[in-house]
Amino acid sequence: MLPLPDTRSDLSVPPAALQAGLTGALPQRRPDPEDGDASLALALMRSVVQPVILMDPDGRVTQMNPVAQALLLPDGAAPPQGRFWWQMWAHADGLSLRRALADAAGGDTVAITLDCRRAIASHATLVPVEDSQGRVAKVLCVLRAR
Numbered sequence: 000m001l002p003l004p005d006t007r008s009d010l011s012v013p014p015a016a017l018q019a020g021l022t023g024a025l026p027q028r029r030p031d032p033e034d035g036d037a038s039l040a041l042a043l044m045r046s047v048v049q050p051v052i053l054m055d056p057d058g059r060v061t062q063m064n065p066v067a068q069a070l071l072l073p074d075g076a077a078p079p080q081g082r083f084w085w086q087m088w089a090h091a092d093g094l095s096l097r098r099a100l101a102d103a104a105g106g107d108t109v110a111i112t113l114d115c116r117r118a119i120a121s122h123a124t125l126v127p128v129e130d131s132q133g134r135v136a137k138v139l140c141v142l143r144a145r
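Counting in numbering that gives the first Met the number 0, the sequence shown runs from 0 upward without gaps.
Okay, here's the thing in structure tokens:
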């Protein structure tokens with residue numbers, strides 16, 4: 000497990016969200032037990048201290064790590080599987096979010112600022128995740144406060 004940052008200034012997410020990420024459970028959809036890659040991906044998502052969202056190339060959310068759930072979802076809300084990624088930021092420029100996603104789905108790593116009329120804007124890095132044939136199978140969104 001990664002060490003915790005030493006000071007609050009090192010954190011880009013609220014401490015409560017960080018703690019939730021270290022103790023929360025991730026599986027929202029169980030991987031095939033024979034699929035070692037999926038198990039590895041879920042283990043990595045659990046251990047990352049940044050909010051992480053995994054989505055299909057069309058932008059439909061398939062997984063959120065516990066840190067993302069604690070940061071983005073109201074208490075007790077179900078994770079938004081099946082909703083489009085850009086719908087999670089109602090005040091952000093949806094067209095810019097869709098363009099960034101299209102670039103990531105095309106194989107590029109993309110950085111975008113989510114200026115959502117919140118006290119803290121976030122940076123999102125969209126990373127294409129390729130399958131064994133080199134096609135983009137998923138897009139990983141890693142968030143951090145600006």
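Backbone N, C-alpha and C define an ideal beta-carbon position, used for all residues, glycine too. Please read all numbers here as calculations on a predicted model, not as lab measurements.
Which listed residue (the options) has its alpha carbon closest to that of residue i
{"i": "Ala77", "options": "Met63, Ala89, Trp84 and Trp88", "result": "Met63"}
{"i": "Thr124", "options": "Leu72, Leu43, Val135 and Leu96", "result": "Leu96"}
{"i": "Ala40", "options": "Leu142, Pro73 and Val128", "result": "Val128"}
{"i": "Val146", "options": "His122, Leu71, Val109 and Gln49", "result": "In the structure displayed, the chain extends from 0 to 145; residue 146 sits before or after that span and is not available."}
{"i": "Gly133", "options": "Asp107, Cys140 and Val141", "result": "Asp107"}
{"i": "Val66", "options": "Ser46, Pro56, Gly58 and Asp57", "result": "Ser46"}
{"i": "Leu57", "options": "Leu43, Leu72, Leu71 and Ala104", "result": "For the record, residue 57 in the displayed sequence is Asp; it is not Leu. Closest option to Asp57, Cα to Cα, is Ala104."}
DSSP state of residue i mapped onto helix, strand, coil
{"i": "Leu72", "result": "coil"}
{"i": "Gln86", "result": "helix"}
{"i": "Arg59", "result": "strand"}
{"i": "Ser46", "result": "helix"}
Spatial neighbours of residue i in its chain, beta-carbon cut-off 8 Å, leaving aside the 5 residues before and after
{"i": "Val161", "result": "The structure shown does not extend to residue 161, since the chain spans only 0 to 145, so no value can be given for it."}
{"i": "Asp130", "result": "Ala136"}
Integer Cβ distance of residue i from residue j, believed to fall under 8 Å
{"i": "Gln68", "j": "Arg143", "result": "Incorrect: roughly 16 Å between the Cβ atoms, too far for contact."}
Contact set for residue i: own chain, Cβ-Cβ below 7 Å, skip 5 residues either direction
{"i": "Ala93", "result": "The displayed chain sequence assigns Gly, not Ala, to residue 93. Counting only Cβ-Cβ distances below 7 Å, and skipping sequence neighbours, we find Trp85."}
{"i": "Asp102", "result": "Val109"}
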